[in-house]
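Structure follows, in structure tokens:
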């Protein structure tokens, strides 16, 4: 039923760029991994840093009505590691209070600031060699300079905002530069 609801929300067409489609696809990959099925690299998103993927030409002027695309690069070597299309959104969690011990039935935490995500979650991509090797959890490293960019865990992990994301392919914003096209 969930699959039909997603299909209906996409206007009865498969929209591979839809965030709900990507969430469903990653969830399906996680369930397949949990069952012990062999994951083919073709089921992962293409490598945005490969020579076959073309980046948009940078524009010097910002035209109204034109959508800008974001490309995320390794801070150390500037290799493209993700694009806007690869990012999977999640519901914002409770923030710092989600990590704090609380008595059952207790009052809400005293933190009033909105939680901010210090990282982003992406779909599994072909450059993630540790993911392709079939490891359950590990570090995500840049394929060019081997700088640590983030972590992954097929069982899920908690975001800095307090939300639990399953499966999780987390890239830290502090280890990447964002370029807008």
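Residue numbers (UniProt numbering): 1 to 181.
The beta-carbon is built from N, C-alpha and C at its ideal position, and this holds for glycine as well.
Quantities reported herein were computed from a predicted structural model and do not represent experimental measurements.
Do residue i and residue j have their C-beta atoms closer together than 8 angstroms?
| i | j | result |
| --- | --- | --- |
| residue 19 | residue 9 | no |
| residue 167 | residue 153 | yes |
| residue 135 | residue 169 | no |
| residue 161 | residue 93 | yes |
| residue 149 | residue 87 | no |
| residue 79 | residue 49 | yes |
Give the straight-line distance between the Cα atoms of residue i and residue j, rounded to the nearest whole angstrom.
| i | j | result |
| --- | --- | --- |
| residue 130 | residue 142 | 11 angstroms |
| residue 181 | residue 84 | 11 angstroms |
| residue 40 | residue 133 | 10 angstroms |
| residue 17 | residue 115 | 26 angstroms |
| residue 73 | residue 119 | 14 angstroms |
| residue 158 | residue 126 | 23 angstroms |
| residue 37 | residue 177 | 35 angstroms |
| residue 23 | residue 164 | 13 angstroms |
| residue 6 | residue 70 | 25 angstroms |
| residue 144 | residue 1 | 42 angstroms |
| residue 15 | residue 25 | 12 angstroms |
Tell me which residue opens and which closes the alpha helix (DSSP H) that residue i is part of.
| i | result |
| --- | --- |
| residue 50 | Where residue 50 is concerned, there is no enclosing alpha helix (DSSP H), given that its DSSP letter is neither H nor E. |
| residue 19 | 19-34 |
| residue 7 | 2-9 |
| residue 70 | That residue, residue 70, is in no alpha helix (DSSP H); its beta strand (DSSP E) goes 70-74. |
Mark residue i as exposed unless 16 or more other C-beta atoms lie within 10 angstroms of its C-beta, in which case mark it buried.
| i | result |
| --- | --- |
| residue 28 | exposed |
| residue 4 | exposed |
| residue 61 | Model confidence at residue 61 stands at a pLDDT of 49, short of 50, so the residue's coordinates are unreliable; what they give is reported in the following sentence. That one is exposed. |
| residue 34 | exposed |
Over what stretch of residues does the beta strand (DSSP E) that includes residue i continue unbroken?
| i | result |
| --- | --- |
| residue 141 | 137-141 |
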